[in-house]
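One line per chain: the protein sequences are A and B, in this order.
Numbering of the first sequence is given in numbering that gives the first Met the number 0, commencing with residue 0 and proceeding in unit increments.
Numbering of the second sequence is given in numbering that gives the first Met the number 0, commencing with residue 0 and proceeding in unit increments.
C-beta: ideal position from N, C-alpha, C; glycine also.
2 protein chains.
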Amino acid sequence: MSDPLATLMLDVDDLSAVIADVGLDAFMDELIAELRSEIGSFDAACVEHQIRSGFNYETPEHGLVEWMPTMVVGDVVSVKTVGYHPANPQRRGLPSVLATTALYDTTTGSLTTICEATLLTALRTGAASAVMTDVLAAPGPVTLGVVGCGAQAVTQIHAISRLRSIESIVATDIDPSVAATLSSRLPEGLPVPVIIDSADFNDRVPDLSVVCTCTSVPIGDGAVVDLANRQPNLHVNAVGADFPGKTELDLDDLRASVVIPDVVEQCLIEGESQRLDRDELGPSMTDVLRGDAPPLVESFTVFDSTGWSFEDLIAARLFRMHAERLGRGTWVSLQRTPVDPYDPYETLRGSSATAGLRSSGNLALVRDHG
Amino acid sequence: MSDPLATLMLDVDDLSAVIADVGLDAFMDELIAELRSEIGSFDAACVEHQIRSGFNYETPEHGLVEWMPTMVVGDVVSVKTVGYHPANPQRRGLPSVLATTALYDTTTGSLTTICEATLLTALRTGAASAVMTDVLAAPGPVTLGVVGCGAQAVTQIHAISRLRSIESIVATDIDPSVAATLSSRLPEGLPVPVIIDSADFNDRVPDLSVVCTCTSVPIGDGAVVDLANRQPNLHVNAVGADFPGKTELDLDDLRASVVIPDVVEQCLIEGESQRLDRDELGPSMTDVLRGDAPPLVESFTVFDSTGWSFEDLIAARLFRMHAERLGRGTWVSLQRTPVDPYDPYETLRGSSATAGLRSSGNLALVRDHG
């Protein structure tokens, strides 16, 4: 579409089509490579980001709507908007996390893209954990523990499997019916998860080299796991803490670890790190991937993954690139380039109900400009 | 559309169709009535709003992208995203302000509506000035001065004319070619504006009962008008200050007036009020419309209109209400309700390129789910 104000809308079918074309594994691999490369060369002079802000509420029930903005200077602003409503799956059959991403051109301010970001969020969250696991976990095959068997568990396991061979998976969920279906939701070729009671999970911790926590634990109900009997170089991807008051790890465990925040200021508000002082944090995700941190493979590490808006921009850009290549998406005219940018009523001219507008001689009765 | 995750997209044609059906004057009247009623009964326990935040930049040129969030508790979150690029009209033939509004259901977090908000922003900005003019200007017909003859000038004049008879209009613009077309952009039935040089505008101030400033004055280039010779009860709608550093009024004039901020915290950052201390401000727009302020008709008043996110929610809601009545808009599936909310890859199942996914027996080769 030639109008510079046209917007490309990329919906869930467009994302399915892109992933069908590229392949799910290959799409995950591209996302992993992009995250590793872009964050590994992160330059604060070129990428500005703000920590997310939003409305947290208890009416009609516990939830939030929040926005996550990032700008690549001189190029694009990305704003992902996220709804988090933990009762969605049980009460409504809807995902707990729903998201869309909007991209804006920094030259004109126009909205260039609106895209599905629910699946994209799950994919990038998995990809981020995979990258950090690859850098921070002991070399070689992984013995993986998973606490929380919902949608995020699927992408955590899938993404990690793209960088490391997974030897075994032990998984638990407070809801046995959710745990029971985890295996059927995973891509093929992975070990079938051994599902165990939450109460027994802690006994399996000594066998694990990597743990992912990805629960919807209510505020104040953590910890979801006790890591006291861990291996000395356990790596944890803690992805569930995303709300003030909501944390998944035991504070003693957290204090014993090197905590790697994805976004320092955000983690101090709503990550596992919200219970820590700034000087208790380890190097950031950016520090680690840029090579600005000491080697941590021998250490007990916790990746505090609250979700970084820059990851969302990278994911949306990858989606759009493939969609354009495939000619997917629908062009919409939320705005249209005017003949006279100073005339707000231009699109109304010639309409019968706005006959009071001078119309440069065009008095055609047009009720519907569609 | 029956999917609870479907989104109604309302574009520029839908807004034209709504206004064609309702009538431009009647639509403005409804918007004015809604703003007066909703702000006049504003209750901070029922409506939460955040001041806008965004990215201000000088690369590739001076501009910003910002977001303006409001929540009606237990009902809806509205986020308007605005681009402001003052070089757009001259360099690209595009409006300086471009905006879209997104509405979210606070029960599920789903995106229910995306709508055009460029014209809607101009309309609500005019409507807000009209309401404040009606309450704060001397009773009777208005002698109106307008500084800046772009898109905002049109809706300022139009909206005020819906509540007050306009006796005369004197207008000026730093660009004579923009001033020259103002008359042709106004609805009929209004006095033809007398266009004068910027240098001569100050001489006409003694004749004016209401002044609207709506310029794209660069940072540091104000004041755009000198009000020293004003009538003692002049009312000013200052709508152009919307950027840190950008102000339109002379500081002595501002200090001599009762300043009515639309959003106190926002005005202190980017309104005319950014040069004032908090204790120099008068009652807020909400105070005035709720009747919590003393009568100000005899006073020199300045409405510091930076634009309130709640006004945007009201405008978007009115637009959506009429669009639904008329069956306008396009339903889109940015998300789709899953069969299993815990299965992020559900929409990919059965696709050839994701054959590695277990598919509950459905191995049909479907490359495109559209």
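Exercise for the section: Answer with buried or exposed for threonine 58 of chain B, where buried requires no fewer than 16 other C-beta atoms within 10 angstroms of its C-beta. Expected result: Note on threonine 58 of chain B: under 16 other CB atoms within 10 angstroms of its CB, so exposed under the neighbour-count rule.
Problem - Own chain residues within Cβ distance below 6 Å of serine 167 of chain B, not counting five before or after - result: Non-local beta-carbon contacts of serine 167 of chain B in its own chain, meaning distances under 6 Å to residues more than five positions away in sequence, involve Thr142, Pro190 in chain order.
Practice task
Please go through the stretch 121-208 of chain A and give each complete alpha helix (DSSP H) segment of 4 or more residues, from N-terminal end onward.
Solution key: Fully contained in the stretch 121-208 of chain A are the following alpha helix (DSSP H) runs of length 4 or more, in chain order: 150-162, 175-179, 181-184, 197-203.
Exercise for the section: Could you pull the start and end residues of the alpha helix (DSSP H) that glycine 219 of chain B belongs to? Expected result: For glycine 219 of chain B, no alpha helix (DSSP H) encloses it, and the DSSP letter there is neither H nor E.
Practice task
Could you say which of A/Leu23, A/Leu9, A/Ile38 lies nearest to valine 287 of chain A if we only look at CA atoms?
Solution key: It is A/Ile38 whose Cα lies nearest to the Cα of valine 287 of chain A.
Exercise for the section: Starting from tryptophan 66 of chain B, find everything on chain A with Cβ-Cβ shorter than 8 Å and list it in chain order. Expected result: Within chain A, the residues near tryptophan 66 of chain B are Trp66, Pro68, Val78.
Practice task
Would you check if there are 3 or more beta carbon pairs closer than 8 Å linking the stretch 306-315 of chain A to the stretch 327-345 of chain A?
Solution key: Flag = no, the stretch 306-315 of chain A and the stretch 327-345 of chain A do not touch.
Practice task
Go ahead and pull the three-state DSSP assignment for isoleucine 50 of chain A.
Solution key: If DSSP states are grouped into helix, strand and coil, isoleucine 50 of chain A belongs with coil.
Problem - alanine 101 of chain A: first and last residue of the uninterrupted beta strand (DSSP E) it sits in - result: Counting along the chain, the beta strand (DSSP E) containing alanine 101 of chain A begins and ends at 96-104.
Handout entry: serine 109 of chain A versus threonine 80 of chain B - alpha carbon distance
Key = So the alpha carbons of these two residues sit roughly 10 Å apart.
Practice task
Could you name the residues of chain B that valine 331 of chain A contacts, counting a contact when the two beta carbons are closer than 7 Å?
Solution key: Identification of chain B residues near valine 331 of chain A by a Cβ-Cβ cut-off of 7 Å yields Met8, Asp10, ordered along the chain.
Practice task
Ignoring anything shorter than 3 residues or poking outside the stretch 318-346 of chain A, list the beta strand (DSSP E) runs there in chain order.
Solution key: If we require 3 residues or more, the beta strand (DSSP E) runs fully inside the stretch 318-346 of chain A come out as 329-331.
Practice task
Would you tell me roughly how many angstroms separate the C-alpha atoms of proline 217 of chain B and valine 258 of chain B, rounded to the nearest one?
Solution key: Their backbone Cα atoms lie some 22 Å apart in a straight line.
Problem - Best match in A/His61, A/Val71, A/Val75, A/Phe54 for proximity to valine 71 of chain B [C-alpha to C-alpha] - result: Per the Cα distances, A/Phe54.
Practice task
Alpha carbon to alpha carbon, how far is aspartate 13 of chain A from aspartate 199 of chain A? Give it in angstroms, no decimals.
Solution key: Annotation: aspartate 199 of chain A to aspartate 13 of chain A spans about 42 Å, alpha carbon to alpha carbon.
Practice task
Tell me, to the nearest whole angstrom, how far the beta carbon of arginine 163 of chain B is from that of proline 140 of chain B; I am working on the premise that it is less than 8 Å.
Solution key: About 7 Å separates the two Cβ atoms, so the contact holds.
Handout entry: Residue nearest to phenylalanine 318 of chain A in terms of C-alpha spacing, selected from A/Leu4, A/Ser15, A/Thr6
Key = Distance from the Cα of phenylalanine 318 of chain A is smallest, within the candidate group A/Leu4, A/Ser15, A/Thr6, for A/Ser15.
Problem - Beta-bridge partners of glutamate 65 of chain A, as assigned by DSSP - result: Looking at the DSSP assignment, glutamate 65 of chain A forms a beta bridge with A/Gly53, A/Val81.
Handout entry: Unbroken beta strand (DSSP E) run spanning valine 235 of chain B, endpoints
Key = 234-237 is the extent of the beta strand (DSSP E) around valine 235 of chain B.
Problem - Contact set between arginine 335 of chain A and chain B, taken where Cβ atoms lie within less than 7 Å - result: Neighbours of arginine 335 of chain A on chain B, chain order: Val11.
Practice task
Compile a chain-ordered list of the residues in the stretch 104-133 of chain B whose CB is closer than 7 Å to at least one CB of chain A.
Solution key: Of all residues in the stretch 104-133 of chain B, Thr105, Thr106, Thr107, Gly108, Ser109, Leu110, Ile113, Glu115, Thr117, Leu118, Ala121 have a Cβ within less than 7 Å of some Cβ in chain A.
Exercise for the section: Spell out a yes or no on whether the stretch 127-135 of chain A and the stretch 286-302 of chain A are touching, meaning 3 or more CB-CB pairs, one atom from each, closer than 8 Å. Expected result: Yes, since at least three Cβ pairs between the stretch 127-135 of chain A and the stretch 286-302 of chain A fall closer than 8 Å, the two stretches touch.
Problem - Min CB distance leucine 226 of chain B to chain C below 8 Å - result: In the structure shown, chain C does not exist; the protein chains are A and B.
Exercise for the section: Whole angstroms is fine: what's the gap from asparagine 232 of chain B's alpha carbon to serine 208 of chain B's? Expected result: Straight-line measurement puts the Cα of serine 208 of chain B at about 7 Å from the Cα of asparagine 232 of chain B.
Practice task
Report yes or no: do three or more beta-carbon pairs, one from the stretch 25-44 of chain A and one from the stretch 119-127 of chain A, lie closer than 8 Å?
Solution key: Segments in contact, yes.
Practice task
Please go through the same chain and pick out, in chain order, the residues whose beta-carbon is closer than 6 Å to the beta-carbon of alanine 352 of chain A, but skip the five residues on each side of it.
Solution key: Unreliable positioning characterises alanine 352 of chain A in this predicted model, as indicated by a pLDDT of 48, which lies under 50. The coordinate reading is nonetheless provided below. Cβ within range, chain order: n/a, list empty.
Problem - Listed by chain order, chain B residues near arginine 184 of chain A by CB distance under 9 Å - result: One finds Asp339, Tyr341, Asp342, Pro343, Tyr344, Glu345, Leu356, Arg357 in chain B with Cβ atoms closer than 9 Å to the Cβ of arginine 184 of chain A, taken in chain order.
Problem - Inter-residue Cα distance where the pair is valine 76 of chain B and proline 88 of chain A - result: So the alpha carbons of these two residues sit roughly 21 Å apart.
Exercise for the section: Take alanine 170 of chain A and list the residues in its own chain whose beta-carbon comes closer than 8 Å to its own, dropping the five residues that flank it on each side. Expected result: Within its own chain, the residues whose Cβ lies closer than 8 Å to the Cβ of alanine 170 of chain A, once the five positions on either side in sequence are excluded, are Gly144, Val145, Val146, Cys148, Ala152, Ala178, Leu181, Pro192, Val193, Ile194, Ile195, listed in chain order.
Practice task
Go to threonine 58 of chain A, then tell me how far its beta strand (DSSP E) extends in each direction, as first and last residue.
Solution key: Boundaries for threonine 58 of chain A: no beta strand (DSSP E) harbours it, and the DSSP string shows neither H nor E there.
Problem - Which listed residue (A/Val11, A/Leu250, A/Arg51, A/Gly188) has its alpha carbon closest to that of threonine 117 of chain A - result: With distances taken between Cα atoms, threonine 117 of chain A lies closest to A/Val11.
Exercise for the section: Could you list the residues in the stretch 31-64 of chain A with a C-beta less than 8 Å from some C-beta on chain B, going in chain order? Expected result: Hits within the stretch, in order: Glu47, Gln49, Ser52, Gly53, Phe54, Tyr56, Thr58, Pro59, Glu60, Gly62, Leu63, Val64.
Practice task
Report yes if the C-beta distance between cysteine 211 of chain A and glutamine 265 of chain A is below 8 Å; otherwise report no.
Solution key: Cysteine 211 of chain A places its beta carbon 8 Å or farther from that of glutamine 265 of chain A.
Problem - Cβ neighbour criterion (16 or more within 10 Å) applied to tryptophan 330 of chain A - result: By the 10 Å Cβ count, tryptophan 330 of chain A comes out exposed.
Problem - For threonine 300 of chain A, the three-state DSSP class (helix, strand or coil) - result: Strand at threonine 300 of chain A.
Handout entry: Closer than 8 Å to chain A by CB, valine 72 of chain B
Key = Yes, valine 72 of chain B lies at the interface with chain A (some Cβ there is under 8 Å from its Cβ).
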